[in-house]
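Going down the list, the sequences are from chains S and E. Residue 408 is where the first sequence ends in the working numbering, and the numbering goes up by one at each step. Residue 408 is where the second sequence ends in the working numbering, and the numbering goes up by one at each step. All residues carry an ideal CB built from backbone N, CA and C; glycine is no exception. No experiment lies behind these values; they were computed from the predicted model shown. One structure is given below, encoded as structure tokens.
Number of protein chains: 2
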Amino acid sequence: MKLILIGFGVVGQGFAQILRDKAAELLREENFSAQIIGVATASKGALYHAAGLELQSLLEAAQAGSFASYPEQDGLIRGLEVDEMIAAGDADALVEMSPTNLETAQPALDFCRRALDAGLHLVLANKGPVALDYAGLKSKARAKGLQMRYEATVMAGTPTIQLAVDALAGCQILSARGILNGTTNYILTRMEAGLSYDEALSEAQALGYAESDPSGDVEGWDAAGKVLILANALFGRSLALDDLDVSGITEITAADIAEARAAGQRYKLIASARPDGGAVKATRLPLDEPLAGVGGSTNAISLKTDLMGDITLIGAGAGPLETGCAILSDLLAIQRMPSAT
Amino acid sequence: MKLILIGFGVVGQGFAQILRDKAAELLREENFSAQIIGVATASKGALYHAAGLELQSLLEAAQAGSFASYPEQDGLIRGLEVDEMIAAGDADALVEMSPTNLETAQPALDFCRRALDAGLHLVLANKGPVALDYAGLKSKARAKGLQMRYEATVMAGTPTIQLAVDALAGCQILSARGILNGTTNYILTRMEAGLSYDEALSEAQALGYAESDPSGDVEGWDAAGKVLILANALFGRSLALDDLDVSGITEITAADIAEARAAGQRYKLIASARPDGGAVKATRLPLDEPLAGVGGSTNAISLKTDLMGDITLIGAGAGPLETGCAILSDLLAIQRMPSAT
């Protein structure tokens, strides 16, 4: 399978490491083999080779900060635009891993549309295009007999989407609620251990869980983007951020945490999606709910179903290898059922 | 998809109810339609109609205790043997739902082999054939380009196998441990609430969780059968019951439960599978482990992976509709990828 990658940050590098380290295992156990033939980035440059880029050199160049140091090679093209990579006609799938933009989803959204038009399967770690134009992309994919997959957009490699969409296909999902942002869950967990909000946030930043501008996480927008994706994937509902009731954890104080604890409860930032809408809200849960027991940066989702009661999935919500694994898992699913949508 | 069912107890009836009640939804959303053309049972008789049996009549006859009351119809054949149903050549898949026998897996195992030889996909709720001859059945299926699926054998409809085998295909699973028997988990949960073992067992029997002879559950054999299946599915290891270290909960006293609680722990009957073996043992878990929080008749499994840390799935472990859903989910997976194995 020949791949074009957009974006090559920690997730892209994690994915390339997996392809490098698991090549033999994937060929043996899954009859799967993939070449990265194009990589386009905003800050490191772009590389294209129709026969496949060399993964170790690609990773070293990325770690050095620029593809300029990628070794010269017959057939290598530097600086090619994404549109030209797609138009070249060599690729089987586009993997969109550039940073999420929940306002316009651009330029990623246009790249995704062009890739589908050109007959490429689509795999996304970037939440923007799935959150803002799920229906449009899905119908383009369906019309072409292609797949659009986006396991990495919710709970990283923990297979939320495959669980809800494929494995539970015979069931109706009535609602979903989860802990879909690891940074805020880490902060709340540390506040339970006695830290103030500011101390817990600083610690999360020092550990690389929270960005220097943490607003996307702590105000609930990252989780809200995931709610938009779930609303589409589970209920076929195209919602906008404005349709959601979103608040974060910035107003939660040590006193709130203590009060909840005294009542046998625990604060969690709960993202929920229902057929008629969604929300992201700090919520007090009884300690015996499965979601209440999910600590640290771990994520979780509970799906309420018509025939099988509640099903809860708990796992990593971030991480380069975890997210890289989700992309691999989507590519394996495409190989298993190339024309399903 | 035309189906032959072996066994028509609560699981078979749950499955038939789902097909009856969801026919329109399945056709619309999954482009799926199935007819039950044959049903063979030990106690109710056997029915066969190449064009499909009528589900409501079938369910009513089953509830009346005998297929003798199923209405006469052109083309209906009563009392056909399973081998003749298979040989008739009308069916696409055999669904094995007769009671589990972990000693010989017969007669189900022979039916499964003949079905694969005759070109039928195989779906199992009966643990016996998967636990005792996974490798043989899988290789027969592979040679014929057919699927053998067995989601219902572990955690009923909670999609354990699809999670571990399909969704985590890119990951290596290093080990699995879980609460795979709902009856014993219910008894332990009630003992925590102050009941004696005998009181909790009587309550479980009154609620229909435990059978009048509860030894298969409380001595750990039901969970052990599931460990054999997981050892095959996750690690490609064919183990026998003798290879496992199996004990149940019959020795656990109210005093043990109290002692664990005083130490901040909780007893669970933990079934575990590793590449080099497996076990079923009552185990004291710290309260903050995800598995410790799983109460009542709920089941759960934690998978340790190479790239994604621990992934935990929690859901129903029994129930007619839950298990019927697993069978449907396997049939949907066969429709999505008919030639994958």
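Point to revise | CA-to-CA distance, S/T220 to S/N193, given in whole angstroms | key: 6 angstroms
Review point. For E/G363, which residues in chain S fall below 9 angstroms Cβ to Cβ?
Key: Within chain S, no residue comes near E/G363; the closest Cβ sits about 10 angstroms away, beyond 9 angstroms.
Check your understanding: From the DSSP output, which residues share a beta bridge with S/H188?
Key -> Paired residues: S/A160.
Review point. For the beta strand (DSSP E) that contains E/P353, what are its first and last residues?
Key: G344 to P353
**Study point:** Same chain, Cβ closer than 6 angstroms to E/H188, neighbours up to 5 away in sequence not counted
**Key:** So the qualifying residues of the chain are A160, L213, Q214 and I401.
Check your understanding: For E/R304, which residues in chain S fall below 7 angstroms Cβ to Cβ?
Key -> Residues of chain S whose Cβ lies closer than 7 angstroms to the Cβ of E/R304 do not exist; the shortest such Cβ separation is about 15 angstroms.
**Study point:** Opposing strand residues paired with S/N248 [DSSP bridges]
**Key:** DSSP lists no partner for S/N248.
Point to revise | Candidates E/R95, E/L122, E/S110 and E/I104: closest to E/Q84 by CA position | key: Closest option to E/Q84, Cα to Cα, is E/L122.
Check your understanding: Whose C-beta lies closer than 8 angstroms to the C-beta of S/D323 among residues of the same chain, with five residues either side of it excluded?
Key -> Y334
Review point. Going by the CB atoms, is the gap between E/G384 and E/G249 shorter than 8 angstroms?
Key: yes
Exercise for review: Examine the Cβ distances between the segment 313-328 of chain E and the segment 387-402 of chain E and report whether three or more of them are shorter than 8 angstroms.
Suggested key: No, the segment 313-328 of chain E is not in contact with the segment 387-402 of chain E.
Check your understanding: Any Cβ of chain E within less than 8 angstroms of the Cβ of S/P196?
Key -> no
Review point. Between E/A154 and E/A113, what straight-line distance do the alpha-carbon atoms span, to the nearest angstrom?
Key: 15 angstroms
Point to revise | Proximity of S/T320 and S/Y264 at Cβ, strictly below 8 angstroms | key: S/Y264 is positioned such that its CB atom lies closer than 8 angstroms to that of S/T320.
Point to revise | Residues bridged to E/G105 [DSSP beta-bridge criterion] | key: E/I71 and E/Y115
Exercise for review: Flag S/I337 as yes if its beta-carbon sits less than 8 angstroms from any beta-carbon of chain E, otherwise no.
Suggested key: no
Exercise for review: Find the nearest neighbour of E/L301 within the set E/S269, E/A231 and E/V347, judged by alpha-carbon distance.
Suggested key: E/A231
Point to revise | Best match in S/E170, S/A182, S/L126 and S/A128 for proximity to S/E151 [C-alpha to C-alpha] | key: When each option's Cα is compared against that of S/E151, the closest is S/A182.
Practice item. Please look up how many angstroms separate the CB atoms of E/M222 and E/G74, rounded, as I've assumed it's under 8 angstroms. Key: Their Cβ separation, rounded to whole angstroms, is 19 angstroms, which puts E/M222 and E/G74 out of contact at 8 angstroms.
Review point. Going by the CB atoms, is the gap between S/T256 and S/L380 shorter than 8 angstroms?
Key: no
Review point. Do you know how far the Cα of S/E139 is from the Cα of S/A234?
Key: 45 angstroms
**Study point:** Residue closest to S/P357, alpha-carbon to alpha-carbon, out of S/K348, S/I368, S/R95 and S/D88
**Key:** S/I368
Review point. Which parts of the segment 236-285 of chain S are runs of the beta strand (DSSP E), unbroken and 3 residues or longer, counting only runs that do not cross its ends?
Key: The segment 236-285 of chain S contains these whole beta strand (DSSP E) runs: 240-246.
Exercise for review: Starting from E/Q84, follow the alpha helix (DSSP H) in both directions and report where the run begins and ends.
Suggested key: V77 to D88
**Study point:** Beta-carbon spacing of S/A101, S/D157 below 8 angstroms
**Key:** S/D157 is positioned such that its CB atom lies no closer than 8 angstroms to that of S/A101.
Check your understanding: Cα-Cα, which of E/G303, E/A260 and E/D289 is closest to E/G315?
Key -> E/D289
Exercise for review: Go ahead and pull the three-state DSSP assignment for S/L306.
Suggested key: coil
Review point. Whose C-beta lies closer than 6 angstroms to the C-beta of S/T372 among residues of the same chain, with five residues either side of it excluded?
Key: C238 and I240
Review point. Do you know offhand how far S/A111's Cα is from S/G283's?
Key: The amino acid occupying residue 111 of chain S in the given sequence is Lys; Ala does not appear at that position. Rounded to whole angstroms, S/K111 to S/G283 spans 24 angstroms at the Cα level.
Review point. Under a three-way DSSP split, which group does S/Y217 fall into?
Key: coil
Point to revise | Coil, strand or helix - S/V313 by DSSP | key: strand
Point to revise | Closer than 8 angstroms to chain E by CB, S/T225 | key: Answer yes: the Cβ-Cβ gap between S/T225 and chain E drops below 8 angstroms somewhere.
Exercise for review: Taking C-beta pairs closer than 8 angstroms, name the residues in chain E that S/P357 reaches, listed in chain order.
Suggested key: P357, G360, V361 and I381
Review point. Do you know whose CA, among E/A210, E/L247 and E/V313, lies nearest E/T227's CA?
Key: E/L247
Exercise for review: Return helix, strand or coil for E/T408, following the three-state DSSP convention.
Suggested key: Confidence is the limiting factor: at E/T408 the pLDDT is only 44, short of 50, which leaves the residue's position unreliable, though a coordinate-based value still follows. In this structure, E/T408 counts as coil in the three-state DSSP scheme.
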